[in-house]
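Just below is one structure, and these are the notes that go with it.
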Amino acid sequence: MPIYQRSYRHFEGRTRQRFRWWIVIEQELRVLATARPFLILLLLALLHCILRLLQVVAYDVVIQDPNHPLTPILRQIQGLMVNEQMFFDFIRLQTPLIFILFLYAGSGMICNDFRYNLMEVYFSKPIRWYDYALGKFLALVLLGLSISAAPAIFLVVLHNMLLAKMEVLQQTWWWPLPILGFSLVVIVPAALAILASSALLPSQNFAAIAIFMILIANSTMAGAFAGLLQNRNYFIISVPMALHR
Numbered sequence: 016m017p018i019y020q021r022s023y024r025h026f027e028g029r030t031r032q033r034f035r036w037w038i039v040i041e042q043e044l045r046v047l048a049t050a051r052p053f054l055i056l057l058l059l060a061l062l063h064c065i066l067r068l069l070q071v072v073a074y075d076v077v078i079q080d081p082n083h084p085l086t087p088i089l090r091q092i093q094g095l096m097v098n099e100q101m102f103f104d105f106i107r108l109q110t111p112l113i114f115i116l117f118l119y120a121g122s123g124m125i126c127n128d129f130r131y132n133l134m135e136v137y138f139s140k141p142i143r144w145y146d147y148a149l150g151k152f153l154a155l156v157l158l159g160l161s162i163s164a165a166p167a168i169f170l171v172v173l174h175n176m177l178l179a180k181m182e183v184l185q186q187t188w189w190w191p192l193p194i195l196g197f198s199l200v201v202i203v204p205a206a207l208a209i210l211a212s213s214a215l216l217p218s219q220n221f222a223a224i225a226i227f228m229i230l231i232a233n234s235t236m237a238g239a240f241a242g243l244l245q246n247r248n249y250f251i252i253s254v255p256m257a258l259h260r
């Protein structure tokens, strides 16, 4: 029987009316989960989370016993204390890993779809252009939050569970809000910039190089302003320097 005489089974299900962008997120995460470099970068980010977990557990266990020989030492060493500064340093130190992870995962998200003619596959299904864009963006945001705000908020909850005092809860109940806010300040601009570069340039390598060149130019401009105007506050123009000030 010729192929044109065959009939195909009609689609009898229901098309998803909401959250169509979730399909794009699932596809991106599924592809990334099979990439070894991505898993190595994710493992490096998780190692820092594990070190902070050990720090919180050790500090909270020791600090509850005033007779413990390490208690006076922990109270004096600022870097070992569990406070607002610790969580700020945690997210700040995760920032380079977030950026590298975004470069690997995001610089090819859109340009590779054009390169391998996947746009026809995406838009042959009931997916609108803003579902596609939102799915790509949220995929990067979820990746960033998974190694920054999510483990930090978990550590705040663990800190309250280990000490279990009303005074500690009164001091820390508001910490998750600035943790999430600072994480989004880092993640959202980086995700938007990398996706824009991926959409405008023809290959993943060009997109990654363009982002590096923008950061270098940004830091150079900040250094030039600070030197010419003799005011170090102009270093805040540089995104990397602003995050580490």
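Numbered according to our numbering, the sequence shown terminates at residue 260, and the numbering increases by one at each position without gaps. Virtual Cβ for every residue (Gly too), placed ideally from N, Cα, C. From a predicted model like this one, the values you see are computed outputs, not experimental measurements.
Considering only the beta carbon of each residue, do residue i and residue j sit closer than 8 Å?
i    : j    : result
L13  : R90  : Past the edges of the chain, shown from 16 to 260, lies residue 13, and the structure says nothing about it.
I194 : A167 : yes
F102 : A206 : no
A222 : S161 : no
L210 : M124 : yes
A232 : M256 : no
F240 : I252 : yes
V201 : I115 : no
G159 : I226 : no
L61  : Y119 : no
H174 : D75  : yes
L85  : V77  : yes
V203 : V156 : yes
L95  : H63  : no
R35  : P191 : no
So with Cβ pairs under 8 Å, would you call residue i a contact of chain D?
i    : result
I209 : The chain labelled as chain D is not found in the depicted structure, where only one protein chain is given.
Measuring only the C-alpha atoms, how far is residue i from residue j?
i    : j    : result
L177 : L199 : 28 Å
W188 : F250 : 33 Å
I88  : V71  : 15 Å
E43  : K151 : 8 Å
L184 : Q79  : 15 Å
L54  : P111 : 16 Å
N248 : V254 : 13 Å
A73  : F197 : 26 Å
R33  : R143 : 11 Å
L243 : A208 : 29 Å
I224 : Q245 : 31 Å
Q93  : E135 : 55 Å
Look up residue i in the DSSP assignment and say whether it is helix, strand or coil.
i    : result
I92  : coil
N98  : coil
I224 : helix
M217 : Sequence inspection shows Pro at residue 217; the Met mentioned does not correspond to that position. P217: coil per DSSP, three-state reduction.
S198 : helix
G123 : coil
I142 : coil
A50  : coil
I106 : helix
I believe residue i touches residue j by the beta-carbon criterion, under 8 Å. Please report the beta-carbon distance rounded to the nearest angstrom.
i    : j    : result
C126 : S234 : So it is not a contact: roughly 25 Å between Cβ atoms.
Quick check: the region 118 to 135 against the region 213 to 224, are there 3 or more CB pairs under 8 Å?
-> With a cut-off of 8 Å, the region 213 to 224 and the region 118 to 135 count as touching, because enough Cβ pairs lie within range.
The region 139 to 159 in contact with the region 33 to 53 per 3-pair CB rule at 8 Å = Between the region 139 to 159 and the region 33 to 53, the count of Cβ pairs shorter than 8 Å is three or higher; the stretches touch.
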